[in-house]
Amino acid sequence: MSIRLSSTLFAASINFKNSKSIYTDRSRSCRFSVRSCVSDSPNANKLVLEVKERLAKDCTSLPIGKNGRDDEEMILWFLKDRRFSVDEAIGKLTKAIKWRHEFKVNELSEDSVKAAAETGKAYVHGFLDVKGRPVVIVAPAKHIPGLLDPIEDEKLCVFLLEKALSKLPAGQHKILGIFDLRGFGSQNADLKFLTFLFDVFYYYYPSRLDEVLFVDAPFIFQPIWQFTKPVVKSYASLVKFCSVETVRKEYFTEETIPSNFRS
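Read in order, the letters of the sequence shown correspond to residues 1 to 263 in the UniProt record's numbering.
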């Protein structure tokens, strides 16, 4: 391990040390939220209305409309994520709606994320995979921490998630994430952004990731993953290390293979 990578991991360990108990609690509580499917409660409609009424009574400051406190589809999704616990769903849903409002998710656009998008570090693929899932492709080798204001990368992340979810076909609820790790080096490691990413998928877009592919991971990536894996806990079960060839043969047809994975 290079001196630079050692320094990166040492600094990251200090940052995570103080929040270790927080992440441990989060990871324990999210062990159900990453299941590939969750059975609907026979009283789902009744519970949705209960959550909706309580939010209308106790959280009048929250916005309404799509992704607001009266969005029944969103309420149902968070109920499923919390195994139909009304109190837990309300707690998590309230946090998510507040965050969306403060982050101004609905105002994100191609223009607002242009600076980060032009790096080519991440994009939504133009085709679904063979399972009918929208695909977000990330090229970590093109990410240089500090090159842009961190908020620009965060905005791009959220914009692409919103874009991918908007492409969900009927009956599909989750997306595929592909990390093309070819060319990745210690200079691309960004534990601060990883913290943001974990928050996004746990708090604000729970159970939306179906699978994550780490493609052609270099040796330098292994110690970073071993350090990160205990932090993300259950989410690690979604990860599959694979080759470019596997991506071509098992996830796409000849017509839908992403250009950077073609031979």
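A virtual CB, placed ideally from N, CA and C, is assigned to each residue, including glycine. Note that this is a predicted model, so its numbers are computed, not measured.
Residue environment, residue i, which counts as buried when at least 16 other CB atoms sit within 10 Å
i: N43; result: exposed
i: P206; result: buried
i: I137; result: buried
i: I144; result: exposed
i: W77; result: buried
i: F219; result: exposed
i: Y251; result: buried
i: T8; result: Reliability of the predicted coordinates at T8 is poor, the pLDDT of 46 falling under 50, and the value obtained from them is presented with this limitation in mind. The residue in question, T8, is buried, as its Cβ has 16 or more Cβ neighbours within 10 Å.
i: D71; result: buried
i: D87; result: exposed
i: R31; result: The pLDDT assigned to R31 is 38, lower than 50, so where the model puts this residue is not dependable, and the model offers no usable value.
Alpha carbon of residue i to alpha carbon of residue j, nearest angstrom
i: A189; j: R54; result: 43 angstroms
i: S186; j: Q222; result: 11 angstroms
i: K167; j: P134; result: 6 angstroms
i: I257; j: A56; result: 46 angstroms
i: S259; j: G126; result: 10 angstroms
i: V232; j: N45; result: 32 angstroms
i: E255; j: P63; result: 42 angstroms
Start and end residues, beta strand (DSSP E) containing residue i
i: F261; result: Where F261 is concerned, there is no enclosing beta strand (DSSP E), given that its DSSP letter is neither H nor E.
i: L213; result: L209 to V215
i: I144; result: No beta strand (DSSP E) holds I144; DSSP gives it neither H nor E.
i: G132; result: That residue, G132, is in no beta strand (DSSP E); it is neither H nor E in DSSP.
Proximity winner among the options, relative to residue i (alpha-carbon distances)
i: K80; options: R69, D70 and K92; result: K92
i: L47; options: K66, E73 and L181; result: E73
i: G183; options: L209, D199, A236 and P140; result: P140
i: E110; options: T195, E162, I224 and K66; result: E162
i: V247; options: V212, L238 and F196; result: V212
i: E50; options: S61, P63, R69 and G65; result: R69
i: C157; options: V200, I90, H101 and L62; result: V200
Short Cβ contact (8 angstroms threshold) for residue i with residue j
i: A115; j: E152; result: yes
i: L176; j: D129; result: yes
i: F84; j: V113; result: no
i: K192; j: P150; result: yes
i: L238; j: L197; result: no
i: F227; j: F179; result: no
i: I75; j: K95; result: no
First and last residue of the uninterrupted alpha helix (DSSP H) at residue i
i: I257; result: Note, I257: premise wrong, no alpha helix (DSSP H); not H, not E.
i: I75; result: E72 to D81
i: G91; result: V86 to F103
Cβ of residue i within 8 angstroms of any chain D Cβ
i: V215; result: Among the chains in the structure shown there is no chain D, since it carries only a single protein chain.
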